Structures are given as C-alpha cells and as structure tokens.
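Just so we're aligned, residue 27 is where the sequence shown starts under our numbering, counting upward by one.
Worksheet: the structure to be examined is printed underneath.
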Amino acid sequence: MPEVTIYHLEGRRSERIVWLMEELQLPYRLEFKRGDLAGSMAAIRALSPTVPMAPTVQYGDQVIVESGAIIETILDRHAPGRLRPALDSPDYPYYLMWMHYAEGSLAARLFSDYRAWRTQPPKQRSPLVDSEAVVQFAEEYLAKHPWFGGAEFSGADIMMKFPLDVATKLNIVDTAQFPNVAAWKEKIEARPAYQRMLAKARPDGLIGPLPALPQHAPSGPRGGVAK
27 MPEVTIYHLE GRRSERIVWL MEELQLPYRL EFKRGDLAGS MAAIRALSPT VPMAPTVQYG
87 DQVIVESGAI IETILDRHAP GRLRPALDSP DYPYYLMWMH YAEGSLAARL FSDYRAWRTQ
147 PPKQRSPLVD SEAVVQFAEE YLAKHPWFGG AEFSGADIMM KFPLDVATKL NIVDTAQFPN
207 VAAWKEKIEA RPAYQRMLAK ARPDGLIGPL PALPQHAPSG PRGGVAK
C-alpha cells in the first residue's frame, strides 16, 4: 500500500478519511495544525494550490481530492469485500446511491439553503426540493434499513454523517422531525473507530464551527407550485 497522508481541517469533511482508515485499521499519516484552521489550510494550499480543500490526500506520489473518490480508491485497492455490499447484492445500488447523494444532493442543498437563509430567514418551505426534503428522504430510508449501505455499516454511512450533522447542528432542519436519523447517529457515534477518529482528528472538540441559523423554514407541506 502506498503511504497515505491525510491533510485535514478539524471538524470538516476530512474526518471521513481518518474514520475510514480507523475502521479498516490501515496505516496513515495525519497532517494538520491543532486548533489552527488557517494553518491547516495553508498546508493544504501548499500541496494543492489550485483547489485547496479538505480532504486532500497524498496517496503515494498522487494528490487526490473528493472524499467519495478517496474512499472508493481505498476500498477498491486495499479493502476488498469490506465496508460495502457485494456488487451483485440488492443493497449495492443503495450503497452507491448514498455514496453520491451525500454531496451531490444532500450537502449541496443544505449549504445552498444555509447561505440563503443567513441573509434572509425563510417564512415558508420552498416549492422545490429543499433541505427538509433531502433529509426526509434519508429519514424514510432509515425507517426500513439499519444502515445507508443496507444491512451492514459501509462507506455510505461514513459519507452521510457529515451532511446530516450539518443539517441538524446548524439548525437547517428541525432535529425532532427526524428520529430515525437521530437513532442512526447514536449507533455511528458509539463505534470504536469513530471514537478513535474523534480523539485523533478533533482532539479539542469542534473548533471554528459555522454559526447555527436563528431560523429555518417551518416544517410541513411545501409552498406554492414553482413558476
């Protein structure tokens, strides 16, 4: 296995890769300046000046970004048969869907609403797909499946934890509306590998958190028909 160095920002998406490596018990080096987000970002920028983002991973002589791509590379090459369903399993399409949904639909919608609502707090739900809808989709799935990969914990759960934390901790949605998500988080946070990740990647707790919204859209039916 090539040497893996994870360039990390505390409390951000790069935790996913630390967590993955802890679940797999694979060797890695963690690079960040404790308690100093600007200093950690400077190290990332020095390695990847065009797109400085966390996670950035040095994988042998290659520099890789995008958590989903990093997770898939590690699983494909170094953990065959682990943390994902078999290709011919009925759970595999769900696993792959949530691997992509985490950033492609969920995080994108959450951060879009978050930015807009910080400027202008909402008075009603959007008639389009909104933050409540993208979290509700996860809630309904978890009513029928124990994990986002189906029957077993998988890389999809690692991908989904960050945006679902964003949804609830930043008050983008009403946490009380999503009991299945809350129960899933409790299971996740009890995992020994998750706890090891926190100890290594977030030793001082969450630093520099984004401010929670003072108000999110009211729960319930969406607004009028989109024009």
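Don't be surprised by glycine CBs; every beta carbon is placed ideally from N, CA and C.
Because the structure is a prediction, the values reported are computed rather than measured.
- Non-local C-beta neighbours of residue 55 in its own chain, meaning closer than 6 Å and more than five positions away in sequence, comprise 31, ordered along the chain.
- Per DSSP, reduced to three states, the secondary structure at residue 33 is strand.
- Membership of residue 241 in any beta strand (DSSP E) is not indicated, and neither H nor E is assigned to it by DSSP.
- Where residue 84 is concerned, the enclosing beta strand (DSSP E) starts and stops at 82 to 85.
- Note on the segment 130 to 169: whole alpha helix (DSSP H) runs with a minimum of 4 residues are 134 to 145 and 157 to 168, in chain order.
- The alpha-carbon of residue 108 is positioned some 8 Å away from that of residue 180.
- Nearest Cα to residue 154 within the set 197, 240, 135 and 141: 135.
- Going by beta carbons, residue 186 and residue 164 fall inside the 8 Å limit.
- If you ignore the 5 residues before and after residue 188, its C-beta comes within less than 6 Å of the C-beta of 39, all in its own chain and listed in chain order.
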